[in-house]
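Asks:
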Ligand code: GLN
């Protein structure tokens, strides 16, 4: 296999110094994507010819001194849940078989305007539902650190592609942890911005009040570049926040001495958490303390209700969002059916996989007239309590530090038989989406040769502080520079 691609910053410097070109970089990414595909299965579609054409155009712009931005000519992969005009989008579902998008998502359009090159579409859980990228109609993605393990999910393909140094950066979506958890399992950086910071227009909806687009890269500083390109108000998304986007890169001072970092007391539970994960997280906290940050204990009293609340709200919204896949408007339609009702039923039965069906059933149940008050309304009330927990906690600190996941990457097949156990792996990630605040994960050690993720949670709209902490930590440590064995 050709050598792993560097970071966005390294590639920018090498292209600017004329040590390489966009065409060379894109060629290397494509070679690596193809060579790793049989083992890793990070991609579900590569834009080989289009990407090379765009790289040639970028190199020509560079010759003319007309680069559109610092991302111009640099490759980025997108999760196959974001549409791009003329390209298929399948969300790892049979029901979208054959669907080709007539328009482009705002985030993809912004990357294109910046001159970045969309390399291809990455694998995911069907409609982004799950934590292991095993519920994909296209087959699972594997973890580059250990091919017997999952890369996490749902954005497992994007995380594996960045971890295996196939692409320097990728986009994902995070509804309950789907950027942070795979970033943790794959030993890279992943950031989920504040709800509404990045447009959801052109992203196939899972749970609309929780979904958010974000970025994967090897470093926090590369995530800052991607975020600067994709974030900001979009009139086409009514939940998009009309606030200007700070220059995140300027926030990366390397200084954390003015910051108070909160450790949530309720997260120090013994049960179901690998103690070695906590050891790595505490050591990361100690490193930041040596750099001048102050560590304080905080409380999130309703934390234990987060998983139940999340799975009620996410599934309720999913059941409503997925009603549009009816065999009429998109993708798969059952053949030889007797009448409309049978056509709907069979198209959906054939088109959706087991996990998606389970969630539609659960979601429909909690929204039904008899159970709405007992489940859905109650979940919304608890959601408010969880949000207030964070507001209280942030009175005493600037960011929270926690493990991203209770354990390192688990083995393929280990949890597929038991959905509840799978849901429990989201224990540290879902509250962030329920509260709408930003969160990120970065590598902070390893257990049994598999990466451990440190999670940072921040105040709404304060991605800058999270990126500053993560960048400062990466200046002091080397966890992010170790690449998985599959690569070289
Ligand atoms: N693992 C969570 C779920 O299964 C989160 C998924 C996501 O963030 N898209 O719902």
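Residue numbers (my numbering): -5 to 482. All C-beta atoms in this analysis are idealised placements derived from N, C-alpha and C, irrespective of residue type, glycine included. None of the values given here were measured: they were computed from a predicted structure.
1. CB-CB under 7 Å to residue 429, same chain, minus the five flanking residues each way: which ones, in chain order?
2. Note down the Cα distance separating residue 256 from residue 127, rounded to an integer number of angstroms.
3. For the ligand GLN, any of its heavy atoms closer than 7 Å to the Cβ of residue 123?
4. Kindly indicate which residue of 85, 452 and 89 has the alpha-carbon position closest to the one of residue 120.
5. Pull up the distance between the alpha-carbon of residue 32 and that of residue 377, whole angstroms please.
6. Have a look at 227, 89 and 262 and flag the residue whose alpha-carbon is nearest the alpha-carbon of residue 487.
7. Which residue wins for smallest C-alpha separation from residue 423, given the options 177, 99 and 59?
8. Can you list, in chain order, the stretches of the beta strand (DSSP E) that have 3 or more residues and sit fully within the region 133 to 216?
9. Tell me the DSSP bridge mates of residue 114?
10. Where does residue 13 fall in DSSP's three states?
11. The ligand GLN and residue 147: does any heavy atom of the ligand fall closer than 7 Å to the residue's C-beta?
12. Note down the Cα distance separating residue 482 from residue 442, rounded to an integer number of angstroms.
13. Based on the DSSP secondary-structure assignment, which residues constitute the bridge partners of residue 440?
14. Could you tell me the distance, in whole angstroms, from the CA atom of residue 145 to the CA atom of residue 463?
15. Can you name, in chain order, every residue of its own chain whose Cβ lies under 7 Å from the Cβ of residue 506, other than the five neighbours on each side?
16. Just verifying my parser: in three-state terms, what is the DSSP assignment at residue 70?
17. Answer yes or no: the CB of residue 167 versus the heavy atoms of the ligand GLN, is any distance below 7 Å?
18. Is the CB-CB distance between residue 426 and residue 451 below 8 Å?
19. Please list, in chain order, all residues of the same chain as residue 338 whose beta carbon is under 7 Å from its beta carbon, the five residues on each side excluded.
20. Give me the residue from 345, 52, 61 and 357 with the minimum Cα distance to residue 130.
21. Are the CB atoms of residue 315 and residue 360 within a distance shorter than 8 Å?
22. Please state whether the Cβ-Cβ distance between residue 68 and residue 11 is less than 8 Å.
23. Does any heavy atom of the ligand GLN sit closer than 7 Å to the C-beta of residue 184?
24. Do residue 99 and the ligand GLN come close, with the Cβ less than 7 Å from some heavy atom?
25. Check whether the Cβ of residue 172 sits closer than 7 Å to any heavy atom of the ligand GLN, and report yes or no.
26. On the three-state DSSP scale, how would you describe residue 450?
27. With a 10 Å radius around its C-beta and 16 neighbouring C-beta atoms as the bar for buried, classify residue 296 as buried or exposed.
28. Count the other CB atoms, across all protein chains shown, that sit within 10 Å of the CB of residue 222; report buried if there are 16 or more and exposed otherwise.
29. Would you call the CB atoms of residue 246 and residue 225 closer than 8 Å?
30. Judging by CA-CA distance, which residue of 57, 214, 93 and 23 is the nearest neighbour of residue 158?
31. Short check: CB of residue 201 to CB of residue 307, under 8 Å?
32. Please check the pair residue 139 and residue 444, which I expect to be a contact at CB under 8 Å, by giving their CB distance rounded to whole angstroms.
33. Mind checking whether the beta-carbon of residue 420 lies closer than 7 Å to any heavy atom of the ligand GLN?
34. With DSSP as the reference, label residue 372 as helix, strand or coil.
35. Does the Cβ of residue 308 lie closer than 7 Å to at least one heavy atom of the ligand GLN?
36. Quick check: the Cα distance between residue 47 and residue 18, rounded to an integer number of angstroms?
Replies: Short version:
1. 380, 381 and 384
2. Straight through space, the alpha carbons of residue 127 and residue 256 are spaced by roughly 31 Å.
3. yes
4. 85
5. 42 Å
6. This structure gives no information on residue 487, because the portion of the chain shown stretches from -5 to 482.
7. 177
8. 163 to 167, 183 to 186 and 207 to 211
9. 40
10. coil
11. yes
12. Reliability of the predicted coordinates at residue 482 is poor, the pLDDT of 47 falling under 50, and no value is obtained from them.
13. 445
14. 25 Å
15. Since the first residue of the chain shown is -5 and the last is 482, residue 506 is not available in this structure.
16. strand
17. yes
18. yes
19. 320 and 321
20. 345
21. No, they are not a contact pair.
22. Taking 8 Å as the Cβ cut-off, residue 68 and residue 11 do not qualify as a contacting pair.
23. For the ligand GLN, not one heavy atom lies less than 7 Å from the Cβ of residue 184.
24. no
25. yes
26. strand
27. buried
28. Residue 222 counts as buried, since at least 16 other C-beta atoms from the protein chains shown sit within 10 angstroms of its C-beta.
29. No, Cβ-Cβ distance for residue 246 and residue 225 is not below 8 Å.
30. 23
31. Yes, they are a contact pair.
32. 5 Å
33. yes
34. helix
35. Yes, the beta carbon of residue 308 sits closer than 7 Å to at least one heavy atom of the ligand GLN.
36. Rounded to whole angstroms, residue 47 to residue 18 spans 12 Å at the Cα level.
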